Ligand SMILES: Cc1cc2nc3c(=O)[nH]c(=O)nc-3n(C[C@H](O)[C@H](O)[C@H](O)COP(=O)(O)OP(=O)(O)OC[C@H]3O[C@@H](n4cnc5c(N)ncnc54)[C@H](O)[C@@H]3O)c2cc1C
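Residue numbers (the working numbering): 317 to 744.
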């Protein structure tokens, strides 16, 4: 009998299934496990717990407070708090005394792996490639094998890096995404004076630039499209955007205006960590004292509009506010952003799901997806609704709050109260 013909009674059944075991679905799994005895499973394509592992360069830091772990904002007595991780793994005093402003990203990854290890039914090495709808809910499959049946789905598939058309088609060993820098570094280091360009002014761009500088490269050009290399606005009022009260306030605004508001709020989150910028400036200065010139040149306001190979060089043509400019580099590191991964709905389910103008799922305030033929079955989507739910829906700052909203909706009762009344800002 082929796997495809597995009798329904032999397919494991769950109340809900999450696709992807990144921080968003891990938070959901953690709260699910403390809220109910129903069964929940996560399927993850990676072979083990991981979180942007290819970008874990030495010294990189979180952009988010350690208090914003998988559970604490909603359930601080949960077993899977970051604090419990520190105490039970014996690193509490060492971490405290290291006086980090924000914790190393590697520590967060270790915490995620620790938490994942304590949760039931997380299946790794499992690439979900089909989700279909039957009479009794959803069936989730991989490689033709039916893995699970469930009443509800939670999509947490995350994002993947994008190579823009202007940088597509360059030789792969010479131009690559930042995730591939570590793998290429030793070959590149045969000539530390080779010119290297980093394209993209976000956190991934600065971390790639820093890594090249630390490895000893002496001619690094960092190109950013924005007019300046913005650092995150970490002021108290800017941080009030990352609160449940602001999420609720956004839902009161019409969609077109909401989009404008969210775009204008970008500097509160979609920018560089000030500590990383200070680190880069100081390391650049230190090397300048040795080389007599700065090894890193920051080039804001440069939008790469074309690229081509000319002999040993990759030629990058840039548009600038004043005039065009051309840069030559031996290697190009591409850090120009990420896009949502597709959800593997089968054709029937894809047909039923409502899409917005930008092709994205339409996500309701409770993170449920709008689709036809629900019949009591819900699909929830995490981290896919930035332009409707605000900047918190693209990062890890409010993970437990979002998970709690989903669970309250899934079980149709207030399992986790979400209180956020005490604040000085009236969002209108
Ligand atoms: C380098 C880096 C650093 C960041 N640092 C911060 C920070 O400090 N603070 C902050 O708030 N935000 C940060 N962000 C943003 C943050 O990563 C994301 O918001 C967060 O990872 C989203 O979590 P997620 O669980 O939705 O998605 P992901 O973390 O992307 O997890 C999704 C998971 O789904 C799996 N998957 C995808 N498709 C399938 C499939 N079909 N079948 C099975 N599994 C699948 C993937 O393998 C992946 O493990 C950072 C982003 C990057 C790239």
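By construction, the Cβ of each residue, glycine as well, lies at the ideal position given by its N, Cα and C atoms. Treat the numbers as computed from the prediction; the structure is a model and nothing was measured.
Rounded to whole angstroms, what is the Cα-Cα separation between residue i and residue j?
{"i": "residue 356", "j": "residue 466", "result": "9 Å"}
{"i": "residue 364", "j": "residue 475", "result": "18 Å"}
{"i": "residue 398", "j": "residue 358", "result": "21 Å"}
{"i": "residue 536", "j": "residue 609", "result": "12 Å"}
{"i": "residue 597", "j": "residue 677", "result": "41 Å"}
{"i": "residue 634", "j": "residue 446", "result": "41 Å"}
{"i": "residue 451", "j": "residue 693", "result": "10 Å"}
{"i": "residue 681", "j": "residue 670", "result": "15 Å"}
{"i": "residue 492", "j": "residue 735", "result": "45 Å"}
{"i": "residue 436", "j": "residue 392", "result": "20 Å"}
{"i": "residue 396", "j": "residue 539", "result": "41 Å"}
{"i": "residue 743", "j": "residue 440", "result": "42 Å"}
{"i": "residue 458", "j": "residue 354", "result": "23 Å"}
{"i": "residue 318", "j": "residue 577", "result": "Residue confidence for residue 318 is low, a pLDDT of 38 falling below 50, so the modelled location carries little weight; the figure read from the coordinates is stated next. The straight-line gap from Cα to Cα measures roughly 53 Å."}
{"i": "residue 405", "j": "residue 622", "result": "50 Å"}
{"i": "residue 323", "j": "residue 462", "result": "10 Å"}
{"i": "residue 412", "j": "residue 551", "result": "24 Å"}
{"i": "residue 584", "j": "residue 542", "result": "15 Å"}
{"i": "residue 675", "j": "residue 473", "result": "16 Å"}
{"i": "residue 639", "j": "residue 460", "result": "54 Å"}
{"i": "residue 410", "j": "residue 400", "result": "14 Å"}
{"i": "residue 591", "j": "residue 549", "result": "12 Å"}
{"i": "residue 660", "j": "residue 414", "result": "44 Å"}
{"i": "residue 573", "j": "residue 672", "result": "16 Å"}
{"i": "residue 562", "j": "residue 737", "result": "11 Å"}
{"i": "residue 455", "j": "residue 657", "result": "20 Å"}
{"i": "residue 554", "j": "residue 741", "result": "11 Å"}
{"i": "residue 668", "j": "residue 567", "result": "24 Å"}
Taking 7 Å as the limit between beta carbons, can you name the residues of its chain near residue i, skipping five residues before and five after?
{"i": "residue 361", "result": "442, 443"}
{"i": "residue 497", "result": "524, 527, 649"}
{"i": "residue 697", "result": "471, 677, 679, 683, 685"}
{"i": "residue 624", "result": "631"}
Would you mind giving the Cβ-Cβ distance between residue i and residue j, rounded to the nearest angstrom? I have them listed as a contact below 8 Å.
{"i": "residue 478", "j": "residue 652", "result": "6 Å"}
{"i": "residue 647", "j": "residue 510", "result": "7 Å"}
{"i": "residue 387", "j": "residue 560", "result": "The pair is not a contact, with the Cβ atoms about 15 Å apart (cut-off 8 Å)."}
{"i": "residue 587", "j": "residue 547", "result": "6 Å"}
{"i": "residue 581", "j": "residue 707", "result": "6 Å"}
{"i": "residue 428", "j": "residue 720", "result": "The pair is not a contact, with the Cβ atoms about 19 Å apart (cut-off 8 Å)."}
{"i": "residue 367", "j": "residue 419", "result": "That pair is no contact at about 13 Å."}
{"i": "residue 339", "j": "residue 712", "result": "5 Å"}
{"i": "residue 644", "j": "residue 662", "result": "Residue 644 to residue 662, Cβ: 48 Å. No contact."}
{"i": "residue 372", "j": "residue 333", "result": "With a Cβ gap of about 28 Å, residue 372 and residue 333 do not count as contacting."}
{"i": "residue 483", "j": "residue 515", "result": "7 Å"}
Just to check, is the beta-carbon of residue i closer than 7 Å to a non-hydrogen atom of ligand 2?
{"i": "residue 505", "result": "Ligands in the displayed structure: ligand 1; ligand 2 is not one of them."}
Classify residue i as helix, strand or coil using the three-state DSSP reduction.
{"i": "residue 498", "result": "helix"}
{"i": "residue 455", "result": "strand"}
{"i": "residue 318", "result": "For residue 318, the predicted structure reports a pLDDT of 38, less than 50, and the residue's modelled location is therefore unreliable. The matter cannot be settled from this model."}
{"i": "residue 361", "result": "coil"}
{"i": "residue 532", "result": "coil"}
{"i": "residue 384", "result": "coil"}
{"i": "residue 575", "result": "helix"}
{"i": "residue 606", "result": "helix"}
{"i": "residue 735", "result": "coil"}
{"i": "residue 627", "result": "coil"}
{"i": "residue 346", "result": "helix"}
{"i": "residue 766", "result": "What is shown of the chain runs 317 to 744, which leaves residue 766 out entirely."}
{"i": "residue 369", "result": "helix"}
{"i": "residue 581", "result": "coil"}
{"i": "residue 543", "result": "coil"}
{"i": "residue 718", "result": "helix"}
{"i": "residue 332", "result": "strand"}
{"i": "residue 594", "result": "helix"}
Please work out which residues of its chain come closer than 8 Å, Cβ to Cβ, to residue i, disregarding the five sequence neighbours upstream and downstream, and give them in chain order.
{"i": "residue 351", "result": "723, 727, 731, 732"}
{"i": "residue 664", "result": "448, 449"}
{"i": "residue 611", "result": "529, 533, 534, 535, 536, 600, 603, 604"}
{"i": "residue 489", "result": "500, 503"}
{"i": "residue 654", "result": "475, 476, 477, 478"}
{"i": "residue 337", "result": "345, 358, 359, 360, 362, 365, 432, 438, 440, 472"}
{"i": "residue 725", "result": "682, 683, 684, 694, 696"}
{"i": "residue 613", "result": "536, 537, 538"}
{"i": "residue 690", "result": "none"}
Whose C-beta lies closer than 6 Å to the C-beta of residue i among residues of the same chain, with five residues either side of it excluded?
{"i": "residue 376", "result": "421, 523"}
{"i": "residue 702", "result": "709, 710"}
Check whether the Cβ of residue i lies closer than 8 Å to any Cβ atom in chain C.
{"i": "residue 736", "result": "Although the question refers to chain C, the structure presented lacks it and comprises just one protein chain."}
Practice item. Taking only runs that begin and end inside the region 630 to 714, name each unbroken beta strand (DSSP E) of 3 or more residues, in chain order. Key: Entirely contained in the region 630 to 714, the beta strand (DSSP E) runs reaching 3 residues are, in chain order, 640 to 645, 647 to 650, 654 to 656, 695 to 697.
Review point. Along the chain, which unbroken stretches of the alpha helix (DSSP H) at least 4 residues long are found entirely within the region 387 to 448?
Key: Counting only runs of 4 or more residues that sit fully inside the region 387 to 448, the alpha helix (DSSP H) segments are 398 to 404, 408 to 413, 421 to 433, in chain order.
Check your understanding: Enumerated in chain order, which unbroken segments of the alpha helix (DSSP H) with a length of 4 residues or greater are wholly contained in the region 474 to 521?
Key -> Runs of the alpha helix (DSSP H) inside the region 474 to 521: 497 to 504.
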